[in-house]
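Working notes, structure below.
In the numbering used here, the protein residues as written are 1055 to 1648.
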């Protein structure tokens, strides 16, 4: 990406405009094409799913009717108790064969089973040869729903030559149970009946019982159903059947198999079977591809037209700008700034007039910048030439001597440490901006010295948000205000004084508030306090940096929107608010910037 932007920025405006117009229009058309294709695919998908849901509903109605036909046959045969009581095998077998032939589209084999487990069949000869291992299970199944019809899970029947489902009903003579009638349905014919309704290109179906057993499917004719390996005849994958059986009713995407499939599972019918339609997702894309080809042809035509039109527009609109740029290139230095004649009244003319105004502004700022630099150097020189007040140093050393005579070793050690730290901070000329943490540390040194000197006449509280500690401020910004609070506010007051320093960050600015409960400042003097030149230095102060110097230094470094505001009430105290930008080591401005 960086290589592209480096390559792009070296072109002319005309070329950039051409590339931008071409790419942006191409992206718009491409997004429209993509959205239309996706919308068309979704519409087709929803239509196919809707049609499949309607077909599944109709198929469930067919299966319910299928069940009713079987119920009618079972009911008719269960009422022929005289057949079973006659024990005439030929008569019973012939009667069952007749019913099987009449209903051959539904029924595969019909059985009657007496209480002594004697079996009669519509294909008795085959039964005597092949038998049916499920007969005893079907006999017991009929007793689970006394007086009603029940049906089994799918099983393999030698008589029906494949998988089938057995429907059973008891035979009663009066109120006495005398046997069972069983119908094995033809699942192959059931599948052939359902296939015309449910089968389509890339679409198949499956009927499962509540336990997940397969009733009907067309796995031999369709390749989209995942198949079990090394099984003959072909069977669906057991994991696939398990997933289908656990799905709730509705539409679901199946993506973890050999093909991405959409399954539509219907509500269970009266048989308790779930009817599932499976659709290969590729069918959606195949039908949309024809529409996509039309879009592709239109896109080719549009791209060619777009190339020609954007190139023409770019060259036409950027020609005046290139002319203006050529004239602006004639300006070689700040000392050779010249205005450009205005001969147009369109946007290029407005741009030329703006350029001429900018030249005037640059010339003004150039002169102002030089003035500010000179002023900044003067203030910097004042700060470098500032000296430690001799009376301050004398009083501090006298205080240390007094504490030593009183054998107050800890106080002597603390005061000396504070004095050394304060002097080291003051004499350090490596940087004009220091962190707020460093400024507060030097302020603590100064406060400790003055507390020893004034016998704990005041206390200093610092409440600054920790995230402000790394912010940069001009050196010795806070100390002059604390010094003024002690000398002019608290020392002239009876009782204990308190100085509180609070710092907060708000909207990218640092606000530091210095509050004392001293005697306050007169209104007349307060009004012009920061406008007056610095007062004559006092030898008893720590240094010669006053409030006016601090205010001007802040404005020189950061601009007129920053600086100091002072409010005071006589007899109550003074509040000083210092506004500074939130800057760190990485974005310290230079002094030459206005």
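Positions of the beta carbon are idealized from the N, C-alpha and C atoms, including for glycine.
Is any heavy atom in the ligand NAP found nearer than 7 Å to the beta carbon of residue i?
{"i": "residue 1335", "result": "Questions concerning the ligand NAP fall outside what the structure shown contains, since it holds no ligand whatsoever."}
Report yes if the C-beta distance between residue i and residue j is below 8 Å; otherwise report no.
{"i": "residue 1566", "j": "residue 1553", "result": "no"}
{"i": "residue 1207", "j": "residue 1267", "result": "yes"}
{"i": "residue 1337", "j": "residue 1317", "result": "no"}
{"i": "residue 1160", "j": "residue 1126", "result": "no"}
{"i": "residue 1580", "j": "residue 1622", "result": "yes"}
{"i": "residue 1269", "j": "residue 1279", "result": "no"}
{"i": "residue 1650", "j": "residue 1487", "result": "Since the first residue of the chain shown is 1055 and the last is 1648, residue 1650 is not available in this structure."}
{"i": "residue 1242", "j": "residue 1216", "result": "yes"}
{"i": "residue 1529", "j": "residue 1636", "result": "no"}
{"i": "residue 1572", "j": "residue 1544", "result": "yes"}
{"i": "residue 1205", "j": "residue 1325", "result": "yes"}
{"i": "residue 1162", "j": "residue 1246", "result": "no"}
{"i": "residue 1450", "j": "residue 1507", "result": "yes"}
{"i": "residue 1503", "j": "residue 1469", "result": "yes"}
{"i": "residue 1457", "j": "residue 1512", "result": "no"}
{"i": "residue 1557", "j": "residue 1519", "result": "yes"}
{"i": "residue 1608", "j": "residue 1634", "result": "yes"}
{"i": "residue 1252", "j": "residue 1109", "result": "yes"}
{"i": "residue 1218", "j": "residue 1239", "result": "yes"}
{"i": "residue 1135", "j": "residue 1226", "result": "yes"}
{"i": "residue 1076", "j": "residue 1360", "result": "yes"}
{"i": "residue 1568", "j": "residue 1514", "result": "no"}
{"i": "residue 1523", "j": "residue 1491", "result": "yes"}
{"i": "residue 1154", "j": "residue 1174", "result": "no"}
{"i": "residue 1074", "j": "residue 1353", "result": "no"}
{"i": "residue 1288", "j": "residue 1297", "result": "no"}
{"i": "residue 1158", "j": "residue 1186", "result": "no"}
Put residue i into one of helix, strand or coil per three-state DSSP.
{"i": "residue 1439", "result": "Note that residue 1439 has pLDDT 41, beneath the 50 cutoff, so the model's placement of it is unreliable and the number below is only indicative. In the structure shown, residue 1439 sits in a helix (DSSP, three-state: H, G or I)."}
{"i": "residue 1645", "result": "Residue confidence for residue 1645 is low, a pLDDT of 40 falling below 50, so the modelled location carries little weight and cannot support an answer."}
{"i": "residue 1263", "result": "coil"}
{"i": "residue 1407", "result": "helix"}
{"i": "residue 1157", "result": "coil"}
{"i": "residue 1534", "result": "helix"}
{"i": "residue 1331", "result": "strand"}
{"i": "residue 1628", "result": "strand"}
{"i": "residue 1313", "result": "coil"}
{"i": "residue 1208", "result": "coil"}
{"i": "residue 1252", "result": "helix"}
{"i": "residue 1348", "result": "helix"}
{"i": "residue 1136", "result": "helix"}
{"i": "residue 1509", "result": "coil"}
{"i": "residue 1574", "result": "coil"}
{"i": "residue 1396", "result": "coil"}
{"i": "residue 995", "result": "The structure shown has nothing for residue 995, since the chain only spans 1055 to 1648."}
{"i": "residue 1616", "result": "coil"}
{"i": "residue 1526", "result": "strand"}
{"i": "residue 1303", "result": "coil"}
{"i": "residue 1635", "result": "strand"}
{"i": "residue 1203", "result": "coil"}
{"i": "residue 1219", "result": "coil"}
{"i": "residue 1376", "result": "helix"}
Please go through the same chain and pick out, in chain order, the residues whose beta-carbon is closer than 8 Å to the beta-carbon of residue i, but skip the five residues on each side of it.
{"i": "residue 1495", "result": "1475 and 1479"}
{"i": "residue 1407", "result": "1396"}
Using a Cβ-Cβ cut-off of 6 Å (strictly less than) and excluding sequence neighbours within five positions of residue i, which residues of its own chain qualify?
{"i": "residue 1223", "result": "1128, 1132, 1203 and 1235"}
{"i": "residue 1321", "result": "1303"}
{"i": "residue 1192", "result": "1220, 1222 and 1236"}
{"i": "residue 1332", "result": "1258, 1315 and 1317"}
{"i": "residue 1498", "result": "none"}
{"i": "residue 1501", "result": "1514"}
{"i": "residue 1306", "result": "1317"}
Got a sec? Which residues, its chain only, sit under 7 Å from residue i by beta carbon, not counting five neighbours each side?
{"i": "residue 1589", "result": "Only weak support is given to the placement of residue 1589: the predicted model assigns it a pLDDT of 49, under 50, and the value that follows is read from those uncertain coordinates. Closer than 7 Å at the Cβ level, and outside the excluded window around residue 1589, lie 1600."}
{"i": "residue 1107", "result": "1318"}
{"i": "residue 1248", "result": "1113, 1259 and 1270"}
{"i": "residue 1313", "result": "1278 and 1334"}
{"i": "residue 1311", "result": "1280 and 1294"}
{"i": "residue 1535", "result": "1568, 1601 and 1630"}
Item to complete: Evaluate the contact criterion for the region 1162–1179 versus the region 1234–1242: three or more CB pairs, one atom per stretch, below 8 Å.
Response: yes
Worksheet item: Going along the chain, which unbroken runs of the alpha helix (DSSP H) with 4 or more residues stay wholly within the region 1173–1197?
Response: Within the region 1173–1197, the alpha helix (DSSP H) runs of at least 4 residues that lie entirely inside it are, in chain order, 1178–1184 and 1189–1196.
Discussion item. So, does the region 1147–1162 touch the region 1174–1187, judging by three or more C-beta pairs under 8 Å?
Written reply: yes
Worksheet item: Touch check for the region 1617–1637 and the region 1526–1545: three-plus C-beta pairs under 8 Å?
Response: yes
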